[in-house]
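One structure below.
There are 2 protein chains.
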Amino acid sequence: MAMLGNNLDSVRRENLSMVLGIVHRRGRVSRSQITHATGLNRSTVAALVAELVALDLVVVREPDASVTTVGRPSPQISPADTHVTIAVNPELDAVTVGVVGLAGTVVHRLRRDVDHALSPAEATAIIADIVAELERGVLVGRTVVAVGVAVPGLVRSSDGVVRWAPHLEWFDQPLAELVATATGYRVAIGNDASLGALAEHLFGVGRDATDMIYLNGGASGIGGGVIASGRPLGGVGGYAGEFGQNRLGIDIGTDRTSPDGTLEDEVSRARLLDVVGLSSADGLRLEQALADASENPAVRAEVSRQLRILSVALSNAINVLNPQTVVLGGFLAALYAFDPVTLEDCVAQQAVPAAFEGVRIVPAALGEDLLMIGAAQLAFEDLLRDPASAAASAATQPTPSATDGENSQ
Amino acid sequence: MAMLGNNLDSVRRENLSMVLGIVHRRGRVSRSQITHATGLNRSTVAALVAELVALDLVVVREPDASVTTVGRPSPQISPADTHVTIAVNPELDAVTVGVVGLAGTVVHRLRRDVDHALSPAEATAIIADIVAELERGVLVGRTVVAVGVAVPGLVRSSDGVVRWAPHLEWFDQPLAELVATATGYRVAIGNDASLGALAEHLFGVGRDATDMIYLNGGASGIGGGVIASGRPLGGVGGYAGEFGQNRLGIDIGTDRTSPDGTLEDEVSRARLLDVVGLSSADGLRLEQALADASENPAVRAEVSRQLRILSVALSNAINVLNPQTVVLGGFLAALYAFDPVTLEDCVAQQAVPAAFEGVRIVPAALGEDLLMIGAAQLAFEDLLRDPASAAASAATQPTPSATDGENSQ
DNA sequence: TGTAATATGTTCTGATATACAACAAATCAC
DNA sequence: GTGATTTGTTGTATATCAGAACATATTACA
Numbered sequence: 447m448a449m450l451g452n453n454l455d456s457v458r459r460e461n462l463s464m465v466l467g468i469v470h471r472r473g474r475v476s477r478s479q480i481t482h483a484t485g486l487n488r489s490t491v492a493a494l495v496a497e498l499v500a501l502d503l504v505v506v507r508e509p510d511a512s513v514t515t516v517g518r519p520s521p522q523i524s525p526a527d528t529h530v531t532i533a534v535n536p537e538l539d540a541v542t543v544g545v546v547g548l549a550g551t552v553v554h555r556l557r558r559d560v561d562h563a564l565s566p567a568e569a570t571a572i573i574a575d576i577v578a579e580l581e582r583g584v585l586v587g588r589t590v591v592a593v594g595v596a597v598p599g600l601v602r603s604s605d606g607v608v609r610w611a612p613h614l615e616w617f618d619q620p621l622a623e624l625v626a627t628a629t630g631y632r633v634a635i636g637n638d639a640s641l642g643a644l645a646e647h648l649f650g651v652g653r654d655a656t657d658m659i660y661l662n663g664g665a666s667g668i669g670g671g672v673i674a675s676g677r678p679l680g681g682v683g684g685y686a687g688e689f690g691q692n693r694l695g696i697d698i699g700t701d702r703t704s705p706d707g708t709l710e711d712e713v714s715r716a717r718l719l720d721v722v723g724l725s726s727a728d729g730l731r732l733e734q735a736l737a738d739a740s741e742n743p744a745v746r747a748e749v750s751r752q753l754r755i756l757s758v759a760l761s762n763a764i765n766v767l768n769p770q771t772v773v774l775g776g777f778l779a780a781l782y783a784f785d786p787v788t789l790e791d792c793v794a795q796q797a798v799p800a801a802f803e804g805v806r807i808v809p810a811a812l813g814e815d816l817l818m819i820g821a822a823q824l825a826f827e828d829l830l831r832d833p834a835s836a837a838a839s840a841a842t843q844p845t846p847s848a849t850d851g852e853n854s855q
Numbered sequence: 447m448a449m450l451g452n453n454l455d456s457v458r459r460e461n462l463s464m465v466l467g468i469v470h471r472r473g474r475v476s477r478s479q480i481t482h483a484t485g486l487n488r489s490t491v492a493a494l495v496a497e498l499v500a501l502d503l504v505v506v507r508e509p510d511a512s513v514t515t516v517g518r519p520s521p522q523i524s525p526a527d528t529h530v531t532i533a534v535n536p537e538l539d540a541v542t543v544g545v546v547g548l549a550g551t552v553v554h555r556l557r558r559d560v561d562h563a564l565s566p567a568e569a570t571a572i573i574a575d576i577v578a579e580l581e582r583g584v585l586v587g588r589t590v591v592a593v594g595v596a597v598p599g600l601v602r603s604s605d606g607v608v609r610w611a612p613h614l615e616w617f618d619q620p621l622a623e624l625v626a627t628a629t630g631y632r633v634a635i636g637n638d639a640s641l642g643a644l645a646e647h648l649f650g651v652g653r654d655a656t657d658m659i660y661l662n663g664g665a666s667g668i669g670g671g672v673i674a675s676g677r678p679l680g681g682v683g684g685y686a687g688e689f690g691q692n693r694l695g696i697d698i699g700t701d702r703t704s705p706d707g708t709l710e711d712e713v714s715r716a717r718l719l720d721v722v723g724l725s726s727a728d729g730l731r732l733e734q735a736l737a738d739a740s741e742n743p744a745v746r747a748e749v750s751r752q753l754r755i756l757s758v759a760l761s762n763a764i765n766v767l768n769p770q771t772v773v774l775g776g777f778l779a780a781l782y783a784f785d786p787v788t789l790e791d792c793v794a795q796q797a798v799p800a801a802f803e804g805v806r807i808v809p810a811a812l813g814e815d816l817l818m819i820g821a822a823q824l825a826f827e828d829l830l831r832d833p834a835s836a837a838a839s840a841a842t843q844p845t846p847s848a849t850d851g852e853n854s855q
């Protein structure tokens with residue numbers, strides 16, 4: 447029963463965390479907006495903001511001249527750009543690294559293509575190399591809070607071990623430890639789709655949803671993430687959200703290509719590329735190709751087959767999780783864009799009516815920044831939870847080099 | 447962005463809540479155990495316990511003589527039996543009402559059978575009648591905190607309207623309001639299976655699980671509830687957990703009786719009763735009947751068919767929610783007991799290995815008290831969240847009568 | 001242009017919850 | 001019976017937030 451009591455320190459910590467969180471999510475707020483959002487006293491908010499300014503976490507700007515309300519103008523508070531995280535996304539054919547500011551914006555991004563499937567050690571070496579490069583460039587004068595890695599596979603949340611990343615062929619690899627040792631920074635690792643869900647929840651189309659499902663269609667399969675009561679749903683190990691492996695009931699026998707296939711066996715990018723005659727395409731290009739071929743009966747048949755199967759997956763998920771919003775990313779967004787009405791109708795028919803009412807099915811909004819923002823968010827988590835001590839430890843962190851090996855999350 | 451800042455009042459409130467919660471869940475603890483569990487100072491815990499004693503919420507007993515440790519013995523703290531909730535479970539053929547103490551034990555229970563399907567108004571009248579009877583009996587000298595109702599259907603958590611209870615044929619009925627008006631107490635309403643999940647989580651086999659799935663097989667279908675990160679998962683409307691309506695993929699064509707049936711179409715008590723030749727039976731009697739007929743090929747075939755289908759539902763749920771424990775209640779417990787190994791093997795084959803490792807599949811433990819405890823827990827929620835003000839308002843509540851009509855949850 | 005109204009910033013004081021320290025008390029170990 | 005250990009009890013100190021009073025900057029309106 448590991449719950450800790452609240453003392454006066456925790457009040458300050460939580461209030462600081464709350465103020466920083468508001469500034470982080472909204473990007474720019476007046477101090478009086480913070481006062482109203484928190485319900486705290488003006489004087490208290492002033493003190494909290496002053497402490498965050500002293501920690502170099504937020505900056506105070508002149509009141510926004512464009513607002514025209516009665517009363518003394520309130521200064522604008524924004525996240526400082528001095529504290530950043532490094533977001534990393536290792537994929538089969540490339541490693542993407544980004545520098546993300548506390549405002550949730552990608553300051554800098556860098557993609558390094560590779561010609562063969564990387565081992566964890568090789569990926570780590572590339573990451574360390576890119577980080578070293580960044581340290582000589584954009585990171586000068588900035589403080590790196592942590593490194594966040596979005597991995598296309600299952601990650602054990604307790605220690606950052608990649609348990610199962612079939613696409614990369616990584617199994618039980620202590621990636622957090624490897625990257626921490628190589629870069630010298632604290633490292634947080636998570637599943638890519640779960641981090642995508644987090645990103646869309648905080649900065650994308652899931653902004654105002656407390657309960658949200660995110661499904662991402664990638665080259666390797668379908669990943670997912672769940673936000674429940676405004677917080678990421680991880681499960682005991684952190685593996686939650688594996689919608690792609692679910693087995694679904696489909697009413698038309700010919701809809702299924704195998705008798706007991708999983709969602710990602712039946713609904714796949716490869717089949718879509720196949721039917722439109724492409725060898726590869728990102729989400730937007732695939733969407734365009736599908737639209738161009740919308741009169742082709744074979745295309746229509748395959749798309750509607752996949753939509754019907756996807757609708758079962760969504761219905762099941764809606765029955766169990768009762769979300770406000772369902773966000774579709776990757777090729778699933780292309781699938782949805784081809785025929786939104788059919789998908790919505792199918793889901794409406796199959797889901798429990800009360801659970802479905804009010805559900806918005808929408809395509810993802812964050813595009814290529816999605817995983818950068820998600821991974822960065824994971825890395826910012828400690829700072830957002832306890833601004834004072836995390837900022838202090840980040841500032842006093844030894845100069846990043848290949849010496850110390852911390853790990854986290 | 448409705449989040450409130452912490453002030454000193456909230457510290458006190460949360461600490462009181464935490465101490466009462468510990469006493470509530472563990473039933474009997476020494477004060478020093480509370481000190482260690484909360485991390486608070488001895489003197490602080492002493493003050494908190496003293497306040498709870500003053501509120502008549504806990505009682506202090508002499509130190510337990512049986513403990514033999516060095517040092518001064520610490521007094522035992524237990525929940526007081528003066529504060530109770532009234533738990534209600536309307537069913538098709540009966541209304542069950544229980545008086546449940548803060549310790550989570552059912553002090554008194556009373557079942558009234560009815561000969562026809564009740565309307566919400568009729569059910570309310572019966573509930574009010576039983577409550578009046580209780581007020582002349584066991585409730586004398588006790589304070590009723592609230593009434594909790596476990597409904598076999600979907601309940602809107604915001605206002606306690608029963609949206610969809612097909613078994614009872616109740617649709618969009620403001621049951622919370624009706625019962626509150628009729629009894630004069632604050633009323634909290636929830637779905638029966640979700641409350642079962644809560645009960646098993648707090649006092650049953652899910653005690654040490656932070657992430658848990660509960661599936662209950664009832665006469666009317668299959669209901670479910672989810673605990674995620676130690677808290678009930680409700681979704682936006684409170685409808686989460688409707689596993690029974692999910693559509694599942696099954697590998698053997700003959701396993702399915704309809705091409706696109708839901709879980710509760712395929713896995714049903716009626717089919718089991720049918721195959722063993724009974725017209726009705728509760729969980730235990732069905733379990734016995736199945737065991738007795740374990741050599742009958744027709745019984746074996748139907749049970750294994752249902753187990754295979756159930757395994758798909760569990761695998762899907764495990765993939766998405768990554769729980770520690772899966773609890774099966776009602777006839778699903780009987781199904782499980784018939785052949786635990788087959789079910790576990792099927793799930794192991796179909797679920798994502800990392801998500802399945804360490805999952806315990808277990809039958810429910812609380813038996814017939816399950817829904818009483820779950821409904822009571824819902825009713826206790828306000829008191830547990832804010833002991834000081836809730837206890838004060840319960841004490842000053844107008845004498846229960848058919849005058850005031852509050853509702854809650 | 002000037003005054004009133006409104007909202008917010010700033011500063012100081014007060015209330016209060018918890019931590020801490022010192023002492024007292026009750027047990028076990030030897 | 002004495003010492004060690006743990007916990008209860010009491011009084012003091014610290015820190016945080018609320019609130020009041022005043023200052024300031026804007027809009028509204030005559």
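For the record, the sequence lines run as chains S and X. The numbers in our numbering rise by one with no breaks, and the one at position 276 of the first sequence is 722. The numbers in our numbering rise by one with no breaks, and the one at position 11 of the second sequence is 457. Glycine included, C-beta positions come from ideal geometry on N, C-alpha and C. A quick note: this is a predicted structure, and the numbers were derived from the prediction, not measured.
For chain S, check one thing: does any of its Cβ atoms lie closer than 8 Å to the Cβ of residue i?
i: residue 610(X); result: yes
i: residue 688(X); result: yes
i: residue 831(X); result: no
i: residue 674(X); result: yes
i: residue 454(X); result: yes
i: residue 489(X); result: no
i: residue 660(X); result: no
i: residue 691(X); result: yes
i: residue 679(X); result: yes
i: residue 522(X); result: no
For chain X, check one thing: does any of its Cβ atoms lie closer than 8 Å to the Cβ of residue i?
i: residue 649(S); result: no
i: residue 395(S); result: The structure shown does not extend to residue 395(S), since chain S is modelled only from 447 to 855, so the question has no answer here.
i: residue 485(S); result: yes
i: residue 788(S); result: no
i: residue 548(S); result: no
i: residue 763(S); result: yes
i: residue 858(S); result: Residue 858(S) is absent from the model: chain S starts at 447 and stops at 855.
i: residue 504(S); result: no
i: residue 695(S); result: yes
i: residue 683(S); result: yes
Under 8 Å by Cβ, that's how I've got residue i and residue j pegged, so tell me the actual separation to the nearest angstrom.
i: residue 603(X); j: residue 684(X); result: 3 Å
i: residue 746(X); j: residue 792(X); result: With a Cβ gap of about 15 Å, residue 746(X) and residue 792(X) do not count as contacting.
i: residue 621(S); j: residue 606(S); result: 6 Å
Which word fits residue i, buried or exposed, when buried means at least 16 other C-beta atoms lie within 10 angstroms of its C-beta?
i: residue 475(S); result: buried
i: residue 559(S); result: exposed
i: residue 489(X); result: exposed
i: residue 465(S); result: buried
i: residue 463(X); result: buried
Per DSSP, residue i forms a beta bridge with which residues?
i: residue 660(X); result: 671(X), 773(X)
i: residue 476(S); result: 522(S)
i: residue 856(X); result: Here chain X comprises residues numbered 447 to 855, so residue 856(X) is not present and cannot be evaluated.
i: residue 589(X); result: 529(X)
Cβ of residue i within 7 Å of any heavy atom in the ligand NAP?
i: residue 730(X); result: No copy of the ligand NAP occurs in the structure displayed, which carries no ligand at all.
Counting pairs of beta carbons, one from the stretch 755-771 of chain X and one from the stretch 790-807 of chain X, are three or more of them closer than 8 Å?
yes
Count the C-beta pairs between the stretch 592-612 of chain X and the stretch 662-673 of chain X that are closer than 8 Å, then say yes if the count reaches three, no if not.
yes
Does the stretch 773-789 of chain X come close enough to the stretch 727-736 of chain X to have 3 or more Cβ pairs within less than 8 Å?
yes
Cβ pair count under 8 Å reaching 3, the stretch 532-542 of chain X against the stretch 576-594 of chain X
yes
Determine contact between the stretch 815-829 of chain X and the stretch 587-594 of chain X, defined as no fewer than three beta-carbon pairs at a distance below 8 Å.
yes
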